[in-house]
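**Q**
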Amino acid sequence: AQSVTQLGSHVSVSEGALVLLRCNYSSSVPPYLFWYVQYPNQGLQLLLKYTTGATLVKGINGFEAEFKKSETSFHLTKPSAHMSDAAEYFCAVSASGGSYIPTFGRGTSLIVHP
Amino acid sequence: KAGVTQTPRYLIKTRGQQVTLSCSPISGHRSVSWYQQTPGQGLQFLFEYFSETQRNKGNFPGRFSGRQFSNSRSEMNVSTLELGDSALYLCASSLPSLSGGATDTQYFGPGTRLTVL
């Protein structure tokens, strides 16, 4: 069984400030972890994913996330927020070893103030 | 290269009716997955098709079904619609991989917004 918890349904930051979106997971097997972004009236776009190897993963648009097994976390960060980063962000987990049935978090809405 | 397309984009139906949604994957992609997104339940996996066969299935009733054609296009069908079926239905496609899909990057379409009255 697997689950994802995203802390904070809304996160508000000022433009230029650090973005930190939190994700904790639960998985009975080594996980694959994903972050997606969804803009209004659009589908999801993959930001980054962790499968194996380096625990610090760099994605698109300046985002990165670090897989911390001891903390069962996969938090998403960006050093400096842009207005265009305002969107809904989803963390997802799937089990390694074959079939892809992802479990998504409830999402975090990122609000960027000028 | 064209992205994932979904038709129609918006749909209004009444309870008891059935509906068919269509998804055209990115050219060359052979895996198609379907998701339901609602404010109450969030994003939930419905099923995945690969080479015309259902490879994975989420926890939804049998009213939800799908199929995939030889050109990888996919349709999902919901019969006997209920008010709770109102949602954004997302389709995603990916390239095939030896691992069976767990690490594949999925590319999502814009979704079909279904409203059941």
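Residue numbers (our numbering), protein chains in the order written: chain A, 321 to 434; chain B, 0 to 116. Built from N, CA and C at the ideal position, the CB exists for glycine as well. If you're wondering where the values come from, they're calculated on a predicted model, not measured in any experiment.
1) How would you list, in chain order, the residues of chain A whose beta-carbon sits under 8 Å from the beta-carbon of P109(B)?
2) Of all the options V339(A), L327(A), S332(A) and L353(A), which has the alpha carbon lying nearest to the alpha carbon of T423(A)?
3) Return the Cβ separation of T13(B) and L94(B) in integer angstroms, given the expectation that the two are a contact with Cβ distance under 8 Å.
4) Excluding the five sequence neighbours on either side, which residues of its own chain have a C-beta within less than 7 Å of the C-beta of T4(B), listed in chain order?
5) Comparing alpha-carbon positions, which option in V339(A), V331(A) and A407(A) lies nearest S400(A)?
6) The beta strand (DSSP E) spanning V115(B) covers which residue range?
7) Between I421(A) and F63(B), which are expected to be in contact by the criterion C-beta below 8 Å, what is the C-beta distance as a whole number of angstroms?
8) Is the beta carbon of S347(A) sitting closer than 7 Å to the one on V432(A)?
9) Please work out which residues of its chain come closer than 7 Å, Cβ to Cβ, to Q36(B), disregarding the five sequence neighbours upstream and downstream, and give them in chain order.
10) Per DSSP, P351(A) forms a beta bridge with which residues?
11) Entirely within the segment 62-91 of chain B and at least 3 residues each: give me those beta strand (DSSP E) ranges in chain order.
12) If the criterion is Cβ atoms closer than 7 Å, does the pair L430(A) and D405(A) meet it?
13) Kindly list, in the order they appear in chain B, the residues whose Cβ is closer than 8 Å to that of P422(A).
14) Excluding five sequence neighbours on each side, which residues of the same chain lie with their C-beta closer than 7 Å to the C-beta of L366(A)?
15) Below 7 Å between beta carbons: does that hold for V77(B) and V31(B)?
16) Where in the segment 361-431 of chain A do unbroken runs of the beta strand (DSSP E), each at least 3 residues long, occur, reported from the N-terminal end onward?
17) Report buried or exposed for V349(A), applying the criterion of at least 16 other Cβ atoms within 10 angstroms of its Cβ.
18) Take A321(A) and list the residues in its own chain whose beta-carbon comes closer than 7 Å to its own, dropping the five residues that flank it on each side.
19) So G427(A) contacts chain B; which residues on that side make the cut at Cβ distance below 9 Å?
20) Using only CA atoms, which one of L82(B), Q105(B) and G110(B) lies nearest to G39(B)?
21) For a quick check, are the C-beta atoms of G425(A) and V324(A) less than 7 Å apart?
**A** So, from the data block:
1) N361, Q362 and G363
2) L353(A)
3) Not a contact, Cβ separation roughly 39 Å.
4) S23 and G108
5) V339(A)
6) T111 to V115
7) About 15 Å; that fails the 8 Å criterion.
8) no
9) L42, A86, L87 and L89
10) A415(A)
11) 63-67 and 73-77
12) yes
13) F44
14) F354 and Y356
15) no
16) 364-370, 376-378, 384-388, 393-398 and 407-415
17) exposed
18) S348
19) G41 and L42
20) L82(B)
21) yes
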